[in-house]
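The sequence shown begins at 1 in the UniProt record's numbering and counts up by one. Glycine is no exception: its CB is placed at the ideal position from the N, C-alpha and C atoms. Remember, predicted model here, so these are calculated numbers, not experimental data.
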Amino acid sequence: KRLGIGAYYNPDEPSITNLYKDQGYLTSQIDPAEIIIGKDSIDLEVRVFEGKQFTINNVGISGNMRLDDEVIRRELYTRPGELYNQSLLFQTIRTLGSMGHFTAEAIAPDIQPVVNSDELVDINWPLEEIASDQFQIAGGWGGGTFVGSVGVTLNNLSIKNFFKKGAWRPYPMGQNQRLSISAQTNGTYYKAFAISFT
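Structure (structure tokens):
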């Protein structure tokens, strides 16, 4: 956002630092100097120390025991060979948190400079997996008869691993595919079944 002569100054607005870090300047420093020249006016001088532009070297993933690396990498906005971008880093945090497989509050990327380089960084994503499958069972009495329903939703199915040896633990998983099966009946006159796969 441009701040010109006569503009309203808000020190709490997104800083110039964020703009630089979105362009790879990971170690940039911004030193604003405010000089009051009246009751409601200031002169603003901003000293910028850019430093070097950093490029992403390697991107690692750890802590995922059930979800495949390739599935997670599709959701990453931080990719090797691209300039470091803080906004894309935050976007990745939000995306991973919304997948439903990880503890959102625990997603904190580890950013480390590459040894013997002042222009490369490695980013590692340590993840904390949570149970994402669902099982529902319900029952009730109405109209002189019992009505019951049962359903199960598998949120991390892997069709390609169906015939893979050792994959059934307890079912082939890893590809973030979703299978939902439900059934409802009153035991005599009414039965309903539903299956969905995405």
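The beta carbon of Leu-179 is closer than 8 Å to those of Thr-153, Leu-154, Leu-157, Ile-195, Ser-196 and Phe-197 in its chain, skipping five residues each way along the sequence.
Contact annotation: the region 34 to 42 does not touch the region 95 to 111, with fewer than three C-beta pairs closer than 8 Å. In the DSSP annotation of this structure, Asn-85 is not part of any beta strand (DSSP E), being labelled neither H nor E. Gly-174 counts as buried, since at least 16 other C-beta atoms from the protein chains shown sit within 10 angstroms of its C-beta. Excluding residues up to 5 positions away in sequence, Ile-61 and Pro-109 lie with their Cβ nearer than 6 Å to the Cβ of Trp-125 in the same chain. Here DSSP, grouped into helix, strand and coil, assigns Gln-112 to strand. Each residue's CA atom was taken as its position, placing Gly-148 and Phe-135 some 14 Å apart. Within the region 35 to 79, the complete beta strand (DSSP E) runs of at least 3 residues fall at 42 to 49 and 55 to 62. With a threshold of 16 other beta carbon atoms within 10 Å, Pro-172 meets it and is buried. Between the region 73 to 93 and the region 18 to 30, the count of C-beta pairs closer than 8 Å reaches three or more; the two stretches touch. Around Lys-191, the same chain offers Thr-185 as residues with beta carbons nearer than 7 Å, after the five sequence neighbours per side are excluded. DSSP places Ile-16 in the uninterrupted alpha helix (DSSP H) bounded by 16 to 21.
Here Glu-119 has Lys-52, Gln-53, Phe-54 and Thr-55 as same chain residues with Cβ atoms under 8 Å from its own Cβ, once five neighbours each way along the sequence are excluded. The criterion of a C-beta distance shorter than 7 Å is satisfied by Asn-58 and Asp-122.
By the criterion of a C-beta distance shorter than 7 Å, Gln-91 is surrounded in its chain by Tyr-77, once the five residues flanking it on both sides are discounted. Note on Ile-72: 16 or more other CB atoms within 10 angstroms of its CB, so buried under the neighbour-count rule. The criterion of a C-beta distance shorter than 7 Å is not satisfied by Glu-128 and Ala-104.
Look at the region 159 to 188 and you find these whole runs of beta strand (DSSP E), each 3 residues long or longer: 177 to 185.
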